[in-house]
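**Q**
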Amino acid sequence: MSRSPVVVVHRDKQLLADAAAARLVTAIVDAQASRGEADVVLTGGSMGSAILESLGASAVRDAVDWSRVNVWWGDERFLPSGDPERNETQARAALLDEVGLDPARVHAVPGPDSPHGASPEASAAWYAAQLADHAARGEDVPRFDVVMLGVGPDAHVASLFPEHPVLHEEDRAVVGVHGSPKPPPMRVSLTFRALCSARDVWFLVAGADKAKAVGLALSGAGPMQAPAAGVSGIRSTTWLLDRPAATHVPKALIRISSP
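Numbering (numbering that gives the first Met the number 0) for the sequence shown: 0 to 258.
1) So, at 6 Å on beta carbons, what are the nonlocal neighbours of Tyr-126 in its own chain, with the 5 sequence-adjacent residues on each side left out?
2) Could you check where the beta strand (DSSP E) with Trp-238 kicks off and where it finishes?
3) In chain order, what residues of the same chain lie with their CB nearer than 8 Å to the CB of Gly-206, ignoring the 5 residues before and after it?
4) Ser-199: buried (16+ other C-beta within 10 angstroms of its C-beta) or exposed?
5) Suppose the cutoff is 8 Å on Cβ atoms and the five residues either side in sequence are ignored; what does the same chain contact list for Glu-97 look like?
6) Quick one: grab the DSSP three-state call for Ser-48.
7) If you draw a straight line from the alpha carbon of Gly-175 to that of His-9, how long is it in whole angstroms?
8) Can at least three beta-carbon pairs, one atom from the region 112 to 120 and one from the region 144 to 162, be found at a separation below 8 Å?
9) Please find out if some non-hydrogen atom of the ligand PLP comes closer than 7 Å to the beta-carbon of Leu-130.
10) Give me the DSSP bridge partner(s) of Met-223.
11) Could you check which residue in Ser-118, Leu-94 and Ser-57 has the C-alpha nearest to that of Pro-79?
12) Identify, in the order they occur along the chain, each residue of the same chain with its Cβ nearer than 8 Å to the Cβ of Leu-300, setting aside the five sequence neighbours on each side.
13) Can you name the residues that DSSP bridges to Met-147?
14) From the DSSP output, which residues share a beta bridge with His-9?
15) Quick check: the Cα distance between Asp-74 and Thr-42, rounded to an integer number of angstroms?
16) Quick one: residues in its chain with C-beta nearer than 7 Å to the C-beta of Pro-249, no 5 flanking neighbours on either side, listed in chain order?
17) State the beta-bridge partners of Asn-69 as determined by DSSP.
18) Going by DSSP in three states, Glu-97 sits in which element: helix, strand or coil?
19) Compute the Euclidean distance between the alpha carbons of Gln-89 and Asp-38, then round it to the nearest angstrom.
20) At the level of alpha carbons, what is the spacing between Phe-143 and Ala-197?
21) List the endpoints of the continuous alpha helix (DSSP H) containing Gly-214.
22) Using a Cβ-Cβ distance under 8 Å, would Arg-2 count as near chain B?
23) Rank His-163, Asp-61, Arg-186 and Ile-255 by C-alpha distance to the C-alpha of Ser-122 and give the top, closest one.
24) Phe-77: which of Ala-18, Leu-23, Ser-179 and Phe-160 sits nearest, CA to CA?
25) Whole angstroms is fine: what's the gap from His-133's alpha carbon to Lys-181's?
26) Rounded to whole angstroms, how far is the Cβ of Ser-188 from the Cβ of Ser-158, which I believe are closer than 8 Å?
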């Protein structure tokens with residue numbers, strides 16, 4: 000696993016989004032230079048959309064060969080294609096529909112309107128097969144270049160919620176989630192094992208309502224209590240925060256703080 004996490008604090012949410020967008024371009028370009036393509040796992044929510052919108056508005060987006068980017072999601076709400084609450088729908092509106100992605104490289108989680116989505120479990124099984132098809136021989140998950148994750152006020156990540164039974168899953172890469180404490184109740188999520196297959200994991204968190212959760216995850220809490228504490232990258236784990244979200248972070252962990 001990676002070394003201790005690096006915490007970077009930005010003044011506000013917009014600066015955080017802009018910095019994360021620039022980091023993402025660098026990560027994708029580096030991956031394409033080293034192996035010809037990049038595998039990126041996107042996050043949803045307002046922070047995920049803000050990063051993609053920032054990237055879309057920046058000239059640096061043209062540094063990326065978008066036709067060689069593989070796009071995945073860490074989780075998805077089990078809703079029909081095009082539903083405004085789906086992470087995929089929000090990401091497409093924020094950036095993906097504008098940059099010339101190869102449609103075959105955009106790996107959306109099937110919803111209930113898909114022939115592969117009769118249930119969250121069926122959707123999870125289909126998505127797991129897609130991951131395995133793109134993994135190296137003998138593995139069932141690609142070696143993602145970057146996994147981006149938001150963190151909820153309860154310290155959940157993807158659709159892995161505190162004390163939920165799916166947290167105990169060790170064999171599967173993708174699970175169907177029922178009884179989510181956050182609507183909608185049915186979801187599909189990568190597991191800890193799949194998320195931790197990434198070279199680099201980035202937590203992207205803005206807002207005072209997330210501060211206690213961030214502090215909990217960075218202060219030794221276990222993954223059952225704070226699922227965010229259960230994810231780390233093979234090479235690096237970086238927490239990108241705005242100031243309101245960083246108020247409970249142990250000061251010794253903060254490596255960089257922007258003015």
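Note that beta-carbon positions come from the ideal geometry of N, C-alpha and C, so glycine has one too. Please read all numbers here as calculations on a predicted model, not as lab measurements.
**A** So, to answer that:
1) By 1-based counting over the sequence shown, the position of residue 126 is 127. So the qualifying residues of the chain are Val-108 and Val-173.
2) In the sequence shown, the residue the question calls residue 238 occupies position 239. Here the beta strand (DSSP E) through Trp-238 covers 235 to 241.
3) Locating residue 206 in the sequence shown gives position 207, where the first residue counts as 1. In the same chain as Gly-206, and ignoring 5 residues on each side of it, the C-beta atoms closer than 8 Å to its own belong to Lys-12, Asp-241, Pro-243 and Ala-244, in chain order.
4) The residue you call residue 199 lines up with position 200 of the sequence shown. One detail in the question is off: residue 199 reads as Asp in this sequence, not Ser. Flag for Asp-199 reads buried.
5) Stepping through the sequence shown from its first residue, residue 97 is reached at position 98. Only Gly-55 meet the Cβ criterion.
6) Taking the sequence shown and counting its residues from 1, one reaches residue 48 at position 49. If DSSP states are grouped into helix, strand and coil, Ser-48 belongs with the helices.
7) If you number the sequence shown from 1, residue 175 lands on position 176. If you number the sequence shown from 1, residue 9 lands on position 10. Approximately 35 Å, taken between the alpha carbons.
8) no
9) The ligand PLP is not part of this structure, which contains no ligands at all.
10) On the sequence shown, position 224 is the one that residue 223 refers to. Paired residues: none, contrary to the question.
11) One-based indexing of the sequence shown puts residue 79 at position 80. Nearest C-alpha to Pro-79: Ser-118.
12) Nothing about residue 300 can be read from this structure; the chain reaches only from 0 to 258.
13) As a first step, residue 147 must be located in the sequence shown, where it is residue number 148. Residue pairing by DSSP puts Met-147 in a beta bridge opposite Trp-201.
14) The residue given as residue 9 occupies position 10 in the sequence shown. Per DSSP, Asp-241.
15) Here residue 74 is taken as the residue at index 75 of the sequence shown, counted from 1. Here residue 42 is taken as the residue at index 43 of the sequence shown, counted from 1. In a straight line, the C-alpha of Asp-74 is about 8 Å away from that of Thr-42.
16) Looking up residue 249 in the sequence shown gives position 250. Closer than 7 Å at Cβ, skipping near neighbours: Leu-217 and Ser-218.
17) Translated into positions along the sequence shown, residue 69 becomes position 70. Looking at the DSSP assignment, Asn-69 forms a beta bridge with Asp-38.
18) Locating residue 97 in the sequence shown gives position 98, where the first residue counts as 1. If DSSP states are grouped into helix, strand and coil, Glu-97 belongs with the helices.
19) Counted from its first residue, the sequence shown places residue 89 at position 90. Counted from its first residue, the sequence shown places residue 38 at position 39. Near 19 Å, if we compare the C-alpha coordinates of Asp-38 and Gln-89.
20) Residue numbering aside, residue 143 sits at position 144 when the sequence shown is read from its first letter. Residue numbering aside, residue 197 sits at position 198 when the sequence shown is read from its first letter. The alpha-carbon atoms of Phe-143 and Ala-197 are separated by roughly 4 Å.
21) As a position in the sequence shown, residue 214 is number 215, starting the count at 1. From DSSP, the alpha helix (DSSP H) with Gly-214 extends over 210 to 216.
22) Absent from the structure: chain B. Only one protein chain is present.
23) Walking along the sequence shown from the start, residue 122 turns up at place 123. Residue Arg-186 is the option with its Cα nearest to Ser-122.
24) Mapped onto the sequence shown, residue 77 falls at position 78. Selected option, being the one with the closest Cα: Ser-179.
25) Working through the sequence shown from its first residue, we reach residue 133 at position 134. Working through the sequence shown from its first residue, we reach residue 181 at position 182. Those two C-alpha atoms are separated by around 31 Å.
26) Counted from its first residue, the sequence shown places residue 188 at position 189. Counted from its first residue, the sequence shown places residue 158 at position 159. The pair is a contact, with the Cβ atoms about 4 Å apart (cut-off 8 Å).
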